[in-house]
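My numbering puts the sequence shown at residues 1 to 231. Virtual Cβ for every residue (Gly too), placed ideally from N, Cα, C. To start, the structure under review is shown below, and the notes come after it.
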Amino acid sequence: MPPHRAVRAADSVTGVRFTYAAPAARAVRISSREIGAEPIQNYRTPVRAIIIANHADADGGVVAERLGELGWELSLWNREDARDWSHLPEDIGLVVPLGSDWSVYWEDVAAFVAGEARVLRDAHERGTPIFGICFGAQMLAHALGGRVEPAATPEIGWYPVAADRENGPIFGQNPWFQWHYDRFIPPPGATELAVGPQGCQAFLLGSSLGVQFHPEITPTIVERWSSGPGA
Numbered sequence: 001m002p003p004h005r006a007v008r009a010a011d012s013v014t015g016v017r018f019t020y021a022a023p024a025a026r027a028v029r030i031s032s033r034e035i036g037a038e039p040i041q042n043y044r045t046p047v048r049a050i051i052i053a054n055h056a057d058a059d060g061g062v063v064a065e066r067l068g069e070l071g072w073e074l075s076l077w078n079r080e081d082a083r084d085w086s087h088l089p090e091d092i093g094l095v096v097p098l099g100s101d102w103s104v105y106w107e108d109v110a111a112f113v114a115g116e117a118r119v120l121r122d123a124h125e126r127g128t129p130i131f132g133i134c135f136g137a138q139m140l141a142h143a144l145g146g147r148v149e150p151a152a153t154p155e156i157g158w159y160p161v162a163a164d165r166e167n168g169p170i171f172g173q174n175p176w177f178q179w180h181y182d183r184f185i186p187p188p189g190a191t192e193l194a195v196g197p198q199g200c201q202a203f204l205l206g207s208s209l210g211v212q213f214h215p216e217i218t219p220t221i222v223e224r225w226s227s228g229p230g231a
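Okay, here's the thing in structure tokens:
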């Protein structure tokens, strides 16, 4: 598999830093200004983040790993329980709905989709940041008034994503790993940040960001998807 090039761009996408310069050969004193970061004591990380995933594929990859390193307390919510969800707990600072082998429009998962949509709308209306990935982005679009439909052609593997000059530093580090059969139409009022052969690849509405590709991907995740139903 080609080296994972998406992780640097994920720094900007998620608002946390996944990548750092290689360490120097000798010990040197580096100021926070030189590494482009605030002094560590100035950070006030929200206490809890929720990761939404299917029970059989609850792996947030490098996204979850980096959040954990930064001190976030990660709570896993299984989609199979979503029919009973109604609102987001008050102390949640971030919601990360991951991919799934479901489709938003499948009738047999409609009750679970409705429950997850309620939580995502609640988070969005509060201004709680949401970072939806693949199916999670499709769920976000659906919850906020967009549309999800079958893609003309599935995308599985490494695909280019095009962004304008303003968003190029975030999304221009191609290719990005994809594994999806559906595509989303962004909700009304959203800004389209990046596109690909099958349509929109990233959108932003308030503090809610959805991306069709997989910035969280690791070799272990790809191996698991390759031996099962996929993302």
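Residues sharing a beta bridge with residue i, DSSP
i: Cys200; result: Val195
i: Pro150; result: Asp182
i: Arg79; result: Beta-bridge pairing links Arg79 to no other residue.
i: Leu67; result: Leu67 pairs with nothing; no bridge assigned.
i: Phe177; result: Trp158
i: Gly132; result: Gly210
i: Glu73; result: Arg48
i: Ala53; result: Asn78
i: Leu88; result: Bridge partners of Leu88: none, in fact.
i: Leu94; result: Ala49
i: Ala163; result: Ala194
i: Leu205; result: Ser208
Chain-order list of residues whose beta-carbon lies under 8 Å from that of residue i (same chain, five-residue window excluded)
i: Val104; result: Val113, Phe135, Gln138, Met139, His142, Val148, Asp182
i: Ala117; result: Met139, His142, Ala143
i: Cys200; result: Arg183, Phe184, Ile185, Pro186, Glu192, Ala194, Gln212
i: Arg165; result: none
i: Glu73; result: Val47, Arg48, Ala49
Contact check, residue i vs residue j, beta carbons under 8 Å
i: Pro175; j: Pro197; result: no
i: Gly71; j: Glu216; result: no
i: Leu94; j: Leu144; result: no
i: His55; j: Glu90; result: no
i: Ile221; j: Asp59; result: yes
Presumed contact (8 Å Cβ cut-off) between residue i and residue j, rounded CB distance
i: His124; j: Phe177; result: Actually they do not touch by this definition, with Cβ atoms about 26 Å apart.
i: Pro187; j: Gly127; result: Not quite, the Cβ-Cβ distance comes to about 16 Å (not below 8 Å), so this is no contact.
i: Ile51; j: Ala64; result: 6 Å
i: Ile133; j: Gly99; result: 6 Å
i: Pro129; j: Ser207; result: 4 Å
Cut-off 7 Å between Cβ atoms - residues of its own chain near residue i, not counting five sequence neighbours on either side
i: Arg83; result: Ala111, Phe112, Gly115
i: Phe171; result: Ala9, Val161, Ala163, Leu193, Ala194, Ala202
i: Thr218; result: Gly61, Val62
i: Glu155; result: Gln178, His180, Gln198
i: Asn167; result: Leu193, Ala194
Selected residue, minimal CA-CA separation from residue i, among the options
i: Ile86; options: Arg121, Pro129, Trp72; result: Checking the displayed sequence, the identity of residue 86 turns out to be Ser instead of Ile. Of the listed residues, the one whose Cα sits closest to Ser86 is Arg121.
i: Val47; options: Asn54, Thr153, Glu69; result: Glu69
i: Thr153; options: Asp59, Asn78, Leu209, Trp179; result: Trp179
i: Gly228; options: Trp102, Asp108, Glu166, Leu88; result: Trp102
i: Leu209; options: Ala53, Val96, Leu88, Glu73; result: Val96
i: Val119; options: Asn78, Trp225, Asp108, Glu107; result: Asn78
i: Trp287; options: Glu73, Asn167, Pro150, Pro169; result: Nothing in the structure corresponds to residue 287, since the chain is present only between 1 and 231.
Neighbourhood of residue i by C-beta distance below 6 Å, restricted to the same chain and skipping five residues each side
i: Ala277; result: Because the chain in this structure spans residues 1 to 231, residue 277 falls outside the shown range and cannot be described.
i: Leu88; result: Val119, Asp122, Ala123
i: Ala53; result: Leu98
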